[in-house]
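Everything on this sheet refers to the single structure shown next.
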Amino acid sequence: MRLIFFFTFLTTILLQAYEIGRGYKLHDALHLGGYFSTDYSNTKEKSLFRLDDVALLAYGNLNNELSYLIEMEAAPFYTYEYKTEKETKDTYFHKERLYLDYKYSESINLRIGKQITPIGYWNLEPINVLRETSSNPILSSEMFPKFLSGIDIYGYIPSFDSISYHMFGQKNKDLDEEYINIKNKHFFGLSIENESNFDFLYGGSIGEFISEDNKRSRYLSFNLKHDVGLLNTQAEAVISNIHDNNTNKSDYKIATYIQPIYRINSQNSIVARYEYFKDNALNIKRNLGLLGYSYRPVYSVSFKGEYQIHSNSNLNKFIISFSVLF
Amino acid sequence: MKFLKIIFLISITFSLYAGEYAVVVNKKNKIDKISKKQLKNIFLKKRHFIDNQKIVAINVSANMPLRMKFEKSILQMSREKLNSFWTKQHFHGISPPLTQSSTNSVKLFVKNVDGAMGYLPKNLIDDSIKVIYEF
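If you read the protein sequences in the order shown, they are chains A and B. Residue 326, in the working numbering, is where the first sequence stops; the numbers in between run on with no holes. Residue 1135, in the working numbering, is where the second sequence stops; the numbers in between run on with no holes.
Shown next as structure tokens:
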């Protein structure tokens, strides 16, 4: 009887504190949430089902200045390949983000720990449920490390009220080396963004990193976002000079995309994307166009479908996905 | 007679545009005025300081007409757009401003907390708090 009373009480408390897409607010110092996504993709070569991301989030304010965020993620949690009937599981939860934020003033704030690298737009909202396509552009995985295990000093530039900056650096291994697209021990960069108008944002980044295979990349990126009425357009471009310290040879890599989204109403959107990618050293050149549809019964629940047409038709792909932020 | 009509029309127009509500801060706060853009940044938690004063934004409950008026006039965002905005912020570890269930509790909060900033109907405003914006 006591147990029933306890669980009823607990459920009531939790339900009162819960809001879909905003997590459980148990205290100002403790919000709990998470997300997951599943997708099914089909190409000429394979058909794949994935329970891709399963992640748990905790964050909160420790006092007026200090806050924290912890995100643990297992991905791909489960995959099933239809033709070979091969099943894989990876249920180990990696440290995706783990940082402390110190808010000192309008112009100087500090973030220490493993965090999303503050470059462009896509990288800052990388999870399925926050995107309008199931897939990511090539730019998001090939041009710079997605995460930074170091320090980011950020804020607004004094006397340039609407320009924000991030100045970041890392001189150590990633906090979870198994869980980063480009392993490195040296990463420094600067990003700026003009926020003078809420509907039209633009900015850029410069930086340098040295990957585990001793290649030094120096990148320059541009990004813009225009969101007026029913049409949202986002574009990013990154060019990178890569110097191989082993062979002493240099080469370059370019990645760019433009993505317009047409909102039919608050639940339904049509999305298109064009991408261009060139890796001169590896002699890889790709053009890709996609058309997709997104349905959100509420913003934090997303159903999406897309068809990709690649310059190499063997890579053409159909993807549907379902994702939730809770 | 024509002159009186003009005066009447002008006074009607002015009364329509005069703000019924005001954004208020604690008396000790050094801020005397604020722009709409700064307000939007503060209530969307894009910014946390004004003139190096840490600000704590306070909302009234989501279903109150005052909140709807504030969202329409100051934030200039629909409820759907705000929902999608705060869902994205949840991923970044940022929660919406604190909410008070009544305008009287907003007033009390602003009166007692140095950096607090809220919005109230003008008829609730007295000398205990400072007006920095009208809408």
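We treat Cβ as the ideally placed atom computed from N, Cα and C, and that holds for glycine.
| task | For Val1110 of chain B, name the three-state secondary structure that DSSP assigns. | result | For this step, residue 1110 of chain B is matched to residue 110 along the second sequence. The answer is helix: DSSP assigns Val1110 of chain B an H, G or I state.
Under 8 Å Cβ-Cβ, which residues of chain B neighbour Gly120 of chain A? To locate residue 120 of chain A, count along the first sequence from 1; it is residue 120. Under the 8 Å cutoff, chain B gives no residues; its nearest Cβ is about 15 Å from Gly120 of chain A.
query: Helix, strand or coil: how does DSSP classify Ser1061 of chain B here?
result: Along the second sequence, one-based indexing puts residue 1061 of chain B at 61. Three-state DSSP puts Ser1061 of chain B in coil, outside helix and strand.
- Item | Ser269 of chain A and Ser294 of chain A closer than 8 Å at C-beta | For the purposes of this step, residue 269 of chain A is identified with residue 269 of the first sequence, where counting begins at 1. For the purposes of this step, residue 294 of chain A is identified with residue 294 of the first sequence, where counting begins at 1. Their beta carbons are under 8 Å apart, which means Ser269 of chain A touches Ser294 of chain A by this criterion.
Practice problem: Verify the CB distance criterion: does Tyr307 of chain A have a CB-CB separation below 8 Å to chain B? | Solution: Start at 1 with the first residue of the first sequence, and residue 307 of chain A comes out as number 307. Under the Cβ distance rule, Tyr307 of chain A does not count among the residues neighbouring chain B, no pair being separated by less than 8 Å.
Worksheet item: Are Glu1020 of chain B and Pro1121 of chain B touching if we call contact CB-CB under 8 Å?
Response: Along the second sequence, one-based indexing puts residue 1020 of chain B at 20. Along the second sequence, one-based indexing puts residue 1121 of chain B at 121. Glu1020 of chain B is a Cβ neighbour of Pro1121 of chain B, given a cutoff of 8 Å.
Can you tell which of A:Ile319, A:Phe318, A:Leu288, A:Glu306 has the C-alpha that lies nearest to the C-alpha of Asn312 of chain A?
In the first sequence, counting from the first residue as 1, residue 312 of chain A sits at position 312. The residue with the shortest Cα to Cα distance from Asn312 of chain A is A:Leu288.
Is the beta carbon of Val1025 of chain B sitting closer than 8 Å to the one on Met1117 of chain B? Along the second sequence, one-based indexing puts residue 1025 of chain B at 25. Along the second sequence, one-based indexing puts residue 1117 of chain B at 117. One thing to note: Val1025 of chain B has its Cβ within 8 Å of the Cβ of Met1117 of chain B.
Beta-carbon neighbours of Gly1019 of chain B, restricted to chain A and to distances below 8 Å
In the second sequence, counting from the first residue as 1, residue 1019 of chain B sits at position 19. Here the premise fails: no neighbours, minimum Cβ distance about 22 Å.
Span separating the alpha-carbon of Phe1085 of chain B from that of Leu201 of chain A:
Translated into the one-based positions of the second sequence, residue 1085 of chain B becomes position 85. Translated into the one-based positions of the first sequence, residue 201 of chain A becomes position 201. C-alpha of Phe1085 of chain B to C-alpha of Leu201 of chain A: approximately 16 Å in a straight line.
Exercise. Who does His186 of chain A pair with in a DSSP beta bridge?
Worked result: Here residue 186 of chain A corresponds to residue number 186 of the first sequence, with the count starting at 1. A:Ile210.
Practice prompt. Could you say if the segment 143 to 153 of chain A and the segment 171 to 183 of chain A meet the contact criterion of at least three C-beta pairs nearer than 8 Å?
Written response: Of all C-beta pairs linking the segment 143 to 153 of chain A to the segment 171 to 183 of chain A, three or more are shorter than 8 Å, placing the two stretches in contact.
Take the Cβ of Asn314 of chain A as the centre, count every other Cβ of all protein chains shown within 10 Å, and call the residue buried at 16 or more, exposed below. The residue labelled residue 314 of chain A in the question sits at position 314 within the first sequence. With fewer than 16 Cβ atoms within 10 Å of its Cβ, Asn314 of chain A is classed as exposed.
* What distance in whole Å lies between the Cβ atoms of Glu81 of chain A and Lys44 of chain A, which are believed to be in contact at a cut-off of 8 Å? -> Counting from one through the first sequence, the residue named residue 44 of chain A turns up at place 44. Counting from one through the first sequence, the residue named residue 81 of chain A turns up at place 81. A Cβ-Cβ distance of about 14 Å is found for the pair Lys44 of chain A and Glu81 of chain A, leaving them out of contact under the 8 Å criterion.
*List the endpoints of the continuous alpha helix (DSSP H) containing Leu1039 of chain B.*
As a working mapping, residue 1039 of chain B is identified with position 39 in the second sequence. Here the alpha helix (DSSP H) through Leu1039 of chain B covers 1036 to 1043.
Inset, instruction - Kindly provide the ranges of any beta strand (DSSP E) runs that are 3 or more residues long and lie completely inside the segment 132 to 191 of chain A, ordered along the chain. - result: Correct list: 147 to 156, 163 to 170.
Which residue from A:Glu177, A:Leu51, A:Ser164, A:Tyr78 puts its Cα closest to that of Glu106 of chain A? If you number the first sequence from 1, residue 106 of chain A lands on position 106. Among A:Glu177, A:Leu51, A:Ser164, A:Tyr78, the Cα nearest to that of Glu106 of chain A belongs to A:Ser164.
Could you give the distance in angstroms between the alpha-carbon of Tyr274 of chain A and the alpha-carbon of Glu1071 of chain B? Against the first sequence, residue 274 of chain A aligns to sequence position 274. Against the second sequence, residue 1071 of chain B aligns to sequence position 71. Rounded to whole angstroms, Tyr274 of chain A and Glu1071 of chain B show a C-alpha spacing of 35 Å.
Tell me which same chain residues have a C-beta within less than 8 Å of the C-beta of Ile284 of chain A, skipping the five on either side of it? The count along the first sequence starts at 1 and reaches residue 284 of chain A at position 284. Closer than 8 Å at the Cβ level, and outside the excluded window around Ile284 of chain A, lie Phe277, Lys278.
message: Taking CB distances under 8 Å as the criterion, tell me whether Arg1093 of chain B reaches chain A.
response: The count along the second sequence starts at 1 and reaches residue 1093 of chain B at position 93. With the sequence shown as reference, residue 1093 of chain B is identified as Gly, and Arg is not the correct amino acid for it. For Gly1093 of chain B, the answer is yes, since a Cβ of chain A falls inside 8 Å of its Cβ.
Query raised in the report: How far does the beta strand (DSSP E) with Leu130 of chain A in it reach, from first residue to last?
Result: Residue numbering aside, residue 130 of chain A sits at position 130 when the first sequence is read from its first letter. No beta strand (DSSP E) holds Leu130 of chain A; DSSP gives it neither H nor E.
DSSP state of Met1117 of chain B mapped onto helix, strand, coil
Residue 1117 of chain B sits at position 117 when you count from the first residue of the second sequence. In this structure, Met1117 of chain B counts as strand in the three-state DSSP scheme.
*Hey, does Ile1129 of chain B have any beta-carbon neighbour from chain A nearer than 8 Å?*
In the second sequence, residue 1129 of chain B corresponds to position 129, counting from 1. Under the 8 Å criterion on CB atoms, Ile1129 of chain B is classed as non-interfacial with respect to chain A.
Establish whether the CB of Arg1047 of chain B and some CB of chain A are separated by less than 8 Å. On the second sequence, position 47 is the one that residue 1047 of chain B refers to. Closer than 8 Å to some Cβ of chain A, the Cβ of Arg1047 of chain B qualifies, so yes.
ask   = Taking C-beta to C-beta, are Tyr92 of chain A and Arg111 of chain A nearer than 8 Å?
value = Residue mapping note: residue 92 of chain A aligns to position 92 of the first sequence, counting from 1. Residue mapping note: residue 111 of chain A aligns to position 111 of the first sequence, counting from 1. Between Tyr92 of chain A and Arg111 of chain A, the gap from beta carbon to beta carbon reaches 8 Å or more.
Q. Going along chain A in order, which residues have a C-beta closer than 8 Å to the C-beta of Lys1088 of chain B?
A. Taking the first residue of the second sequence as 1, we reach residue 1088 of chain B at position 88. Those within 8 Å of Lys1088 of chain B in chain A are Glu125, Leu130.
Taking Glu89 of chain A as the reference, which of A:Arg50, A:Ala55, A:Leu190, A:Asp174 has the closest Cα?
For this step, residue 89 of chain A is matched to residue 89 along the first sequence. Here residue 89 of chain A turns out to be Lys, not Glu, going by the sequence shown. The residue from A:Arg50, A:Ala55, A:Leu190, A:Asp174 with its alpha-carbon nearest to that of Lys89 of chain A is A:Arg50.
If the criterion is Cβ atoms closer than 8 Å, does the pair Pro329 of chain A and Phe168 of chain A meet it? Residue 329 of chain A is absent from the structure shown; chain A starts at 1 and stops at 326.
*Counting along the chain, where does the alpha helix (DSSP H) carrying Lys1088 of chain B start and finish?*
Taking the second sequence and counting its residues from 1, one reaches residue 1088 of chain B at position 88. Element bounds for Lys1088 of chain B: 1079 to 1091.
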